[in-house]
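This report concerns only the one structure given below.
Protein chains in written order, with the numbering used here: chain A, 1 to 361; chain B, 1001 to 1311.
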């Protein structure tokens, strides 16, 4: 290290014990060694940081008013230097975030890493999953185009169907009986203040709990084998993490370049030729609501609220139901089967929502 | 003087011979230096001040005093001390190289006999609640301010019946609605559908006879007569609030179709297929002598079997 840098390091170390901090952050032994399968959490953190950076940049020009939101977003796309790129990166970044959340949750599920003593990490992780979905939902209203307006209208109406609290929740989000300026203001402040705060706090807690409970490690191997392969978080795992981050960065950037964001017409209560549809990661839920059994008031509540809520509750209860110490996914047939069914279900519903588009014109 | 670093289990020698070994090291929490060593000798533990130490060697410590003097030092009382693991004293463990569990610091006198610990804990919660609780109602009201806006009962001109060429066919009327949205004066494109109904269709629209519309207080503001052939349907799908269209369906012929969740209605608004819980919403309508259509932009909660007016 350069003498000056060393001096700065020593100065800080003397005051706040940097060496201990460094040891705690970097010298965490990873049972069974670093792996590519462990990159998802770090990649999520990276995507979030990039979303925060591009999000702050977008706020330099965006105006959260029903009269100006659309025009200011168009201004970002067409007038501001590289505005189209920043906005498109933010847009594709949100999709990448959802994909990574699914990958991360799947990995934890398949590795049986939610089991004791890591239940609390799993629970906080589920809350983070909810926050990521809420980010998506509040984010796409902001450009105030037709897609934004209709996805939000329908989304809020779905929430309205929750018994007892639904009406209040929907009015709270809309800031009135019908969507308008108050809706935009509320979604804006939730998207740029409330959710980032919640996410940072919970992600910090998630990491703290992870470091306290320790990583789960591979589900195979004797203690001797695991010990023989053990390495520290730095450098091998950090290296794998940064390679994965670079790959994700390249993917998002390429998508932003190849398929930059194009706004539809400005939002209005007349959909015109536009067929309202939510963002792709909500399509499966959207398609579910097209089924006959989810028609009518009760059906709607079941499809839109009860089933997703029950599924989330089941996930939350998972580490307390599934208490067997076995972590090998190939020896947990029910877990493997359920995961496959859920994934195929989501895939089939999403694809059928896409196929359905053709029959609408 | 450089910090003394006695080791646990070191033999302790007095001027007149070995007397025992070190079992704990006590540090001063202010200076972060060793103040005493705890020596176990003859079954008792004595606190020996660091000033008594003549020299610290690899596996032993030599004292300046004799064995009799050591017996004169106060007996170690574990209840008067905490291990360095139980308290947060920055830098202590870097300065004194003893296992955290063996490194002791004095239990502060004020803490040891804190008779009102529970009282303080309760008091802290009460004060916190006194700050928080008075905010609940104002904050709730602040957030709820626009949530229950009064109904808009203005009559709005949406177009002329001359636009309708055929009976029993859905015709879209797009109109500009200007309204105050918080501090903004806004104008929005809205759309409703008007059907010039044949008597049979009209019967299906008004199965219970005339439809009356009410304000918040329940007072009737308008009655749609079942004899008036023009029927206005709100442009918002009663399922989940999407915008529906007039389309030709392969089997059902000409219908109102909502592209969101595929609800299908006939020209009287009756549900033919899909998840919609009720027929299309009929709006208050007035047609002037010159054919100008006026409506009240009544809005009902979507997804309900019954009509719940929200705007």
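Here a beta-carbon is modelled for each residue, glycine too, at the ideal position from N, C-alpha and C.
Residues that residue i bridges to, as DSSP identifies them
i              : result
residue 1155/B : 1296/B
residue 1246/B : 1256/B
residue 92/A   : Answer is none; residue 92/A lacks a bridge partner.
residue 1222/B : 1213/B
residue 1191/B : 1174/B
residue 1013/B : 1018/B, 1062/B
residue 1278/B : Paired residue(s): none; residue 1278/B is not in a bridge.
residue 67/A   : In DSSP, residue 67/A forms no bridge with anything.
residue 355/A  : Partner(s): none; residue 355/A has no beta bridge.
residue 1168/B : In DSSP, residue 1168/B forms no bridge with anything.
residue 1185/B : 1180/B
residue 1309/B : 1300/B
residue 1231/B : 1195/B
residue 1265/B : 1256/B, 1271/B
residue 1008/B : Note: residue 1008/B sits in no beta bridge, so no partner.
residue 1236/B : 1243/B
residue 29/A   : 232/A
For residue i, three-class secondary structure by DSSP
i              : result
residue 1001/B : Note that residue 1001/B has pLDDT 43, beneath the 50 cutoff, so the model's placement of it is unreliable and no number is given.
residue 226/A  : helix
residue 19/A   : helix
residue 1285/B : strand
residue 167/A  : helix
residue 181/A  : helix
residue 1180/B : strand
residue 956/B  : Outside the modelled stretch of chain B, which goes from 1001 to 1311, sits residue 956/B, for which no answer is possible.
residue 1206/B : coil
residue 334/A  : helix
residue 1272/B : strand
residue 344/A  : helix
residue 12/A   : helix
residue 1093/B : helix
residue 162/A  : coil
residue 1201/B : helix
residue 1251/B : coil
residue 350/A  : helix
residue 3/A    : helix
Anticipated Cβ contact below 8 Å, residue i with residue j, distance rounded
i              : j              : result
residue 186/A  : residue 175/A  : 5 Å
residue 39/A   : residue 61/A   : That pair is no contact at about 34 Å.
residue 128/A  : residue 206/A  : 6 Å
residue 146/A  : residue 264/A  : 4 Å
residue 226/A  : residue 217/A  : 6 Å
residue 1083/B : residue 1100/B : 6 Å
residue 1010/B : residue 1050/B : The Cβ separation is near 13 Å, so there is no contact.
residue 143/A  : residue 82/A   : Going by Cβ atoms, the distance from residue 143/A to residue 82/A rounds to 17 Å, so no, they are not a contact pair.
residue 231/A  : residue 30/A   : 6 Å
residue 1203/B : residue 1292/B : Their Cβ separation, rounded to whole angstroms, is 26 Å, which puts residue 1203/B and residue 1292/B out of contact at 8 Å.
Proximal residues of chain E, C-beta to C-beta of residue i below 8 Å
i              : result
residue 1301/B : Protein chains A and B are contained in the structure displayed, whereas chain E is not.
(message) In chain order, what are the residue ranges of uninterrupted beta strand (DSSP E) at least 3 long that sit wholly in the stretch 1099-1165 of chain B?
(response) 1103-1106, 1155-1160
(message) Which runs of the alpha helix (DSSP H) at least 4 residues long sit entirely within the stretch 189-276 of chain A? Give them in chain order.
(response) 195-213, 223-229, 238-258
(message) To test your reading of the DSSP string, which unbroken alpha helix (DSSP H) runs of 4 or more residues are found completely within the stretch 1022-1091 of chain B?
(response) 1067-1072
(request) Within the stretch 32-61 of chain A, note down every full alpha helix (DSSP H) run reaching 4 residues or more, in order along the chain. (result) 40-59
(message) Under 8 Å, with one C-beta from each stretch per pair, do the stretch 1039-1056 of chain B and the stretch 346-357 of chain A reach the 3-pair mark?
(response) no
(request) Could you tell me which uninterrupted alpha helix (DSSP H) segments, each at least 4 residues in length, are contained entirely in the stretch 72-158 of chain A, listed from first to last along the chain? (result) 83-110, 119-139
(request) Note down, one range per segment and in chain order, each alpha helix (DSSP H) of at least 4 residues found wholly within the stretch 287-328 of chain A. (result) 296-301, 307-321
(message) Three or more C-beta pairs under 8 Å: does that hold for the stretch 1160-1173 of chain B against the stretch 29-46 of chain A?
(response) no
(request) Would you check if there are 3 or more beta carbon pairs closer than 8 Å linking the stretch 234-252 of chain A to the stretch 137-151 of chain A? (result) no
(request) Examine the Cβ distances between the stretch 1020-1030 of chain B and the stretch 1102-1109 of chain B and report whether three or more of them are shorter than 8 Å. (result) yes
(message) When you compare the stretch 1146-1153 of chain B with the stretch 1204-1221 of chain B, are there three or more beta-carbon pairs, one atom per stretch, that lie closer than 8 Å?
(response) yes
(message) For the pair the stretch 1116-1136 of chain B and the stretch 1164-1175 of chain B, tell me if three or more CB-CB distances fall below 8 Å.
(response) no
(message) Counting beta carbon pairs with one atom in the stretch 1188-1204 of chain B and one in the stretch 262-277 of chain A, are three or more of them shorter than 8 Å?
(response) yes
(request) Determine, using beta-carbon pairs with one atom in the stretch 106-114 of chain A and one in the stretch 319-335 of chain A, whether at least three such pairs fall under 8 Å. (result) yes
(request) Tell me, please, whether the stretch 150-157 of chain A touches the stretch 1237-1253 of chain B by the rule of three or more beta-carbon pairs shorter than 8 Å. (result) yes
(message) With a threshold of 8 Å, are at least 3 pairs of Cβ atoms found where one atom belongs to the stretch 1268-1284 of chain B and the other to the stretch 1223-1236 of chain B?
(response) yes
(request) Determine, using beta-carbon pairs with one atom in the stretch 82-98 of chain A and one in the stretch 247-256 of chain A, whether at least three such pairs fall under 8 Å. (result) yes
(request) Indicate whether the contact test is met: 3 or more Cβ pairs, each with one atom in the stretch 1069-1087 of chain B and one in the stretch 1114-1127 of chain B, closer than 8 Å. (result) no
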